[in-house]
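Residue numbering for the sequence shown follows UniProt numbering, beginning at 1 and increasing consecutively.
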Amino acid sequence: MHLIALNSPQLGNMQGIRGIDHQCFLQAQAIGLKGTFRAFLSSRLQDLHSIVRQNDRESLPIVNLQ
């Protein structure tokens with residue numbers, strides 16, 4: 001698993017979780033990364049615990065693709 005910051009700030013209208021997941025996918029694809037990419041957006045329905053396994057929470061770096 002990789003935690004990667006998008007290359008630009010996002011406005012409030014991100015077309016929901018699927019829309020911002022797609023932005024993650026497009027930016028990863030643009031630099032040749034393959035796989036599944038999901039946005040980390042905190043809400044009452046989704047938080048760090050629902051995205052990152054407990055074993056990975058302390059050891060994963062967060063990087064920017066630029």
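Think of the CB as a built atom: it goes at the ideal place given N, C-alpha and C, for glycine as much as any other residue. All values derive from a computational prediction rather than experimental measurement.
Q. If you check the beta carbons only, do ILE20 and ALA5 fall under 7 Å apart?
A. no
Q.
Tell me the DSSP secondary structure of ALA30 in three-state form.
A. helix
Q. Tell me which same chain residues have a C-beta within less than 8 Å of the C-beta of SER50, skipping the five on either side of it?
A. Contacts found: none.
Q: Return the first residue and the last residue of the alpha helix (DSSP H) that LEU45 is part of.
A: Unbroken run through LEU45: none, as it is neither H nor E.
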